[in-house]
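K.L.:
Once you've had a glance at the structure underneath, I'll fire off some questions.
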Amino acid sequence: MHELRVGILGAGLIGSVHAAAYAATPGVKVVAVADPVAAKAARLATSAGAAAVTGLDGLLDRGLDIVSICTPSTSHAAATVRALGAGLHVLCEKPIARSLPDARLIVDAAARAPGILMIAHVTRFEPDHRQAKLVVESGQLGQVQMMTHSLTTSLPGWSEGGWISEIELSGGPLVDLAVHSFDYLSWLTGSQPVRVHAVGRDTGAGASTYAIAHVRYASGALALVETSWAHPVSQGFKLSAEFVGTDGRLSWDYDHIAGGFLHRVEGGTVRFDPLGDNGYRAEVQSFVEAVRSTGPTPVPAEDGLAALRTSLAALESVRTGTTIDLTTWELP
């Protein structure tokens, strides 16, 4: 079996998660890491047994098969389009982009490229979320009528220079965090949203850092999506989910996305997860399988675009106080 050569663009927390998932995948080797902060690239490269290089150019010079794009979403389009154009397979972190025009550039590039593009919506690969999808597909819930999905945490502290707290760069939790919910709920039901109304509140964590979105789907199902970066640091990350159908109810919750963290004095972070990185390994392994079999991609660019569009519509609903008709809406 040909060993697949991987490069990672972005050596922050999510880059390290990708590196660990590749390390757990047979027949794959991370050979190069790039990051604007040279020390971060060197640190992750050392732990992965790879070379630290400069930028995407340095990665493309390494004869890669795969590149993981683990940079801020404002830079996803330029890097993803170029990597696809170079013939590489690309695993691009969510959200697919920060803007709809950038997302469409990625969709168009993926349609032309010979390689596989997957948008890293990891929620689809988490054990509990995958099991819920199987339950719905089996018909045990009957017709899904009501869904709630809540992702709440404190303001993330892992972003370089604090870019995540700048709503122009990240979109805030409705874009960076709730995009998980919007993607998952469409995937679960096999139905696209047709209407969204959201309300938000500014907090000490920033603009609209506590928000609730009400969504109606083409299937008739209703959803309540809650998202926050305003919860106490001591509370940590909390997820709760409930799905109610004509024949039953399914629900679960958990308080962490990882078992724990080791924060080193020199700045490195090691994650400990007794559940196997809570879906990241399954996500990467599914991507690698698609690369080896030449497709199809587990999460198409079109799905990433749809989830981003719902997030941006929710953000626009907060701004205007109006309900957004997703069957016709475009950003002004």
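Its first residue numbered 22, the sequence shown is counted upward by one per residue in the numbering used here. Each residue gets a CB set at the ideal place from its N, CA and C atoms; glycine is no exception. Because the structure is a prediction, the values reported are computed rather than measured.
State the CB to CB distance for the pair Ser94 and Leu65, rounded to an integer number of angstroms; the pair is presumed to be in contact (CB under 8 Å).
P.N.:
Rounded, the Cβ-Cβ distance is 20 Å, inconsistent with contact.
K.L.:
For Met167, which residues does DSSP report across the bridge?
P.N.:
Leu243, Val265.
K.L.:
Give the straight-line distance between the Cα atoms of Ala232 and Trp250, rounded to the nearest whole angstrom.
P.N.:
Approximately 9 Å, taken between the alpha carbons.
K.L.:
For the alpha helix (DSSP H) containing Pro194, name the first residue and the last one.
P.N.:
Start and end: 194-197.
K.L.:
Short check: CB of Ala303 to CB of Phe146, under 8 Å?
P.N.:
Yes.
K.L.:
With distances taken from CA atoms, which of Tyr238, Arg26, Val111, Gly221 is nearest Gln166?
P.N.:
It is Tyr238 whose Cα lies nearest to the Cα of Gln166.
K.L.:
Is Leu109 closer than 8 Å to Leu85 when the C-beta atoms are compared?
P.N.:
Yes, the pair counts as a contact, with Cβ atoms nearer than the cut-off.
K.L.:
Hey, how far is the Cα of Ile137 from the Cα of Ser89?
P.N.:
Between Ile137 and Ser89, the C-alpha separation is close to 12 Å.
K.L.:
Which residue marks the beginning of the alpha helix (DSSP H) containing Ala55, and which one marks its end?
P.N.:
It is not in any alpha helix (DSSP H) - Ala55 instead sits in the beta strand (DSSP E) that spans 49-55.
K.L.:
Using the three-state DSSP reduction, which class does Lys259 fall into: helix, strand or coil?
P.N.:
Three-state DSSP puts Lys259 in a strand.
K.L.:
Leaving out five residues on either side along the sequence, give the residues of the same chain with a beta carbon under 6 Å from the beta carbon of Asp123.
P.N.:
Result list for Asp123: Ala98, in chain order.
K.L.:
For Arg237, list the residues DSSP reports as bridge partners.
P.N.:
DSSP, once it has assigned bridges, lists Arg216, Leu243 as partnering Arg237.
K.L.:
Could you tell me the distance, in whole angstroms, from the CA atom of Ala73 to the CA atom of Gly241?
P.N.:
Looking at the two C-alpha atoms, the distance is approximately 50 Å.
K.L.:
Looking at the unbroken beta strand (DSSP E) that takes in Val58, where does it start and where does it end?
P.N.:
Taken as a continuous stretch (DSSP letters only), Val58 belongs to no beta strand (DSSP E), as it is neither H nor E.
K.L.:
Just curious, the beta strand (DSSP E) that Gly182 is in, first and last residue?
P.N.:
From DSSP, Gly182 is part of no beta strand (DSSP E); its letter is neither H nor E.
K.L.:
Between the Cα of Thr173 and those of Val254, Leu25, Ala44, Cys91, spot the shortest distance and give me the residue it belongs to.
P.N.:
Looking at the Cα atoms, Val254 is the closest of the given residues.
K.L.:
Give the DSSP bridge partners of Ala73, in chain order.
P.N.:
Beta-bridge pairing links Ala73 to Val54.
K.L.:
Hey, out of Gly163, His170, Gly193, Val265, whose CA is closest to Pro177's CA?
P.N.:
When only C-alpha atoms are compared, the closest one is Gly193.
K.L.:
I believe Leu198 touches Thr248 by the beta-carbon criterion, under 8 Å. Please report the beta-carbon distance rounded to the nearest angstrom.
P.N.:
5 Å between Cβ atoms; contact.
K.L.:
Which first and last residues belong to the alpha helix (DSSP H) in which Ile35 is found?
P.N.:
Per DSSP, Ile35 belongs to the alpha helix (DSSP H) from 34-44.
K.L.:
Do you know how far the Cα of Gln213 is from the Cα of Val54?
P.N.:
Roughly 37 Å between the two C-alpha positions.
K.L.:
At what residue ranges does the stretch 79-132 contain a whole run of the alpha helix (DSSP H), taking only runs of 4 or more?
P.N.:
You should have 97-106.
K.L.:
Would you mind sorting Arg119 into buried or exposed? The rule is 16 or more other CB atoms within 10 Å of its CB.
P.N.:
Classification for Arg119: buried.
K.L.:
Are the stretch 329-341 and the stretch 151-160 touching, with three or more C-beta to C-beta distances below 8 Å?
P.N.:
The stretch 329-341, when compared against the stretch 151-160, does not touch it at the 8 Å Cβ threshold.
K.L.:
Looking at the structure shown, is Asp346 part of a helix, part of a strand, or coil, going by DSSP?
P.N.:
Of the three classes helix, strand and coil, the one that applies to Asp346 here is strand, per DSSP.
K.L.:
According to DSSP, simplified to helix, strand and coil, what is Trp250?
P.N.:
Note: Trp250 maps to coil in three-state DSSP.
K.L.:
If Leu271 and Leu162 are in contact, beta carbons under 8 Å, what's the gap, nearest whole angstrom?
P.N.:
Confirmed, about 6 Å.
K.L.:
Inspect the CB distances between the stretch 43-52 and the stretch 24-31 and report whether three or more fall short of 8 Å.
P.N.:
With a cut-off of 8 Å, the stretch 24-31 and the stretch 43-52 count as touching, because enough Cβ pairs lie within range.
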